[in-house]
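Q:
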Amino acid sequence: MTTLRRVSCFLLVMLLAITQANSAQQSSLGSIVSAVGARMGTSPASAGSTVFGGERFLTGDDGMLLVQVGAAQLYLAGASGASLRRIENSGEAALEAGTLSVSTSRADALHIDLGGATIRPLADVPSYAQTTLVEPRVFLITILRGSWEFSYRCERETLREGSSFRLYLDRARPCGDDHTLPQKIKVITRPSRMGILVVGAPAVGGIAWGLHEAFESPHRP
-8 MTTLRRVSCF
2 LLVMLLAITQ
12 ANSAQQSSLG
22 SIVSAVGARM
32 GTSPASAGST
42 VFGGERFLTG
52 DDGMLLVQVG
62 AAQLYLAGAS
72 GASLRRIENS
82 GEAALEAGTL
92 SVSTSRADAL
102 HIDLGGATIR
112 PLADVPSYAQ
122 TTLVEPRVFL
132 ITILRGSWEF
142 SYRCERETLR
152 EGSSFRLYLD
162 RARPCGDDHT
172 LPQKIKVITR
182 PSRMGILVVG
192 APAVGGIAWG
202 LHEAFESPHR
212 P
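If you count by our numbering, then the sequence shown holds residues -8 to 212, one letter each, in order.
Structure representation (structure tokens):
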């Protein structure tokens, strides 16, 4: 009986170890390609380190971080922060501070969370987007390559290559309320002007699309 118990305990320990190993492998999202003055969690980030779902990244003022996530690459500029998690069969990078850029050739590889709003590539073509947290609930979105889909609650819009937008997030009422439907203005993209998205504005309750009246560079915060 004692021998049987020992064998049973051994098999149970082995089963738990295999289960934990498989779980860790499944939650692995990618690896760090390059890191300078960056941290992953509470430890310094280093090239070659495996990245798992739930990781948080921070870069110093002069730091940078490049992470490979499947068919996508995530780049954090200096003085930036982001978290990474698995969403079904893809990844989600949530911008928490500074500037986050994503390049990918697969539409389902990785999407960017901006305070509850998301942007993702529309097709399996080379796509590149840069996002910056300007201030709480205010983001700058620049689409450098490909077309990306912007979504927030029940709203969907297409962001075209070469366009740049400021995104203002406000408290939005739930979808399905007819009073929340916005009066949308057609987006006009010009090199010297910047589009503006206002989400959940009290007077509109949805996404208002317009054109920033001030002439300025699309790359200016």
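Just so you know, even glycine gets a beta-carbon here, dropped at the ideal spot from N, CA and C.
Measuring straight from C-alpha to C-alpha, what distance separates Pro117 and Ser40?
A: Going from the Cα of Pro117 to the Cα of Ser40 covers about 26 Å.
Q: Got a sec, what are the start and stop residues for the beta strand (DSSP E) Thr90 sits in?
A: Element bounds for Thr90: Thr90 to Thr95.
Q: Our contact map puts Ala29 next to Ala38 with C-beta atoms below 8 Å; I'd like the distance itself, whole angstroms only.
A: Not really, about 10 Å apart at Cβ, beyond 8 Å.
Q: Can you find the residues in the same chain that come closer than 6 Å, C-beta to C-beta, to Glu148, ignoring five residues on each side of it along the sequence?
A: Hits under 6 Å: Phe141.
Q: Using beta-carbon positions only, say whether Leu105 and Leu135 come within less than 8 Å of one another.
A: It is not a contact, given that the beta carbons lie outside the stated cut-off.
Q: Between which two residues does the beta strand (DSSP E) containing Asp99 stretch?
A: Here Asp99 belongs to no beta strand (DSSP E), and DSSP marks it neither H nor E.
Q: Hey, Ser71 and Thr50 are a contact pair by Cβ (cut 8 Å); roughly how many whole angstroms apart?
A: Confirmed, about 5 Å.
Q: So, is Ser19 buried or exposed, given that buried needs 16 or more other C-beta atoms within 10 angstroms?
A: So Ser19 ends up on the exposed side.
Q: Would Val42 be called buried (16 or more neighbouring beta carbons within 10 Å of its own) or exposed?
A: Answer is buried; the Cβ neighbour count reaches 16.
Q: Quick one: what does DSSP say Glu152 is sitting in, helix, strand or coil?
A: If DSSP states are grouped into helix, strand and coil, Glu152 belongs with coil.
Q: Closer than 7 Å by C-beta to Val27: which residues in its own chain qualify, once you throw out the five before and the five after it? Chain order, please.
A: If we look at Val27 and ignore the five residues flanking it on each side, its Cβ neighbours are Gly54 and Met55.
Q: Can you have a look at Ile78 and say buried or exposed, based on whether 16 or more other CB atoms are within 10 angstroms of its CB?
A: The residue is exposed, with fewer than 16 neighbouring Cβ atoms inside 10 Å.
Q: Find the nearest neighbour of Ala108 within the set Ala98, Ala84 and Asp115, judged by alpha-carbon distance.
A: With distances taken between Cα atoms, Ala108 lies closest to Ala84.
Q: Compare the C-alpha of Ile132 against each of Glu146, Asp115, Ala114 and Leu158 and name the closest.
A: Cα-wise, what sits closest to Ile132 is Leu158.
Q: Near Leu160, what residues of its chain come up, given a Cβ to Cβ distance below 8 Å and the 5 sequence neighbours on each side ignored?
A: Only Leu105, Gly106, Gly107, Ala108, Arg128, Val129, Phe130, Tyr143, Val190 and Gly191 meet the Cβ criterion.
Q: With H, G and I counted as helix, E and B as strand and the rest as coil, what does DSSP make of Gly39?
A: Coil at Gly39, not helix or strand.
Q: Ends of the beta strand (DSSP E) at Thr111?
A: It should be noted that the sequence gives Arg, not Thr, for residue 111. Ala108 to Pro112 is the span of the beta strand (DSSP E), which, as asked, contains Arg111.
Q: DSSP three-state call for Val116: helix, strand or coil?
A: It is coil, neither helix nor strand.
Q: If distances are taken between C-alpha atoms only, which option among Gly89, Ile103 and Ser94 comes closest to Val125?
A: When only C-alpha atoms are compared, the closest one is Gly89.
Q: Starting from the C-beta of Ala98, find all residues in its chain whose C-beta is less than 6 Å away, skip the five residues before and the five after it, and write them out in chain order.
A: Contacts found: Pro112, Ala114 and Asp115.
Q: Restricting to Cα atoms, I'd like to know which of Gly32, Phe48, Ser92 and Ile103 is closest to Gly82.
A: The shortest Cα separation from Gly82 among Gly32, Phe48, Ser92 and Ile103 belongs to Ile103.
Q: Which value, in whole angstroms, describes the spacing of the CA atoms of Ser154 and Thr95?
A: Their backbone Cα atoms lie some 18 Å apart in a straight line.
Q: Taking the beta strand (DSSP E) that Ala63 falls in, what are its first and last residues?
A: Unbroken beta strand (DSSP E) run through Ala63: Ala63 to Leu67.
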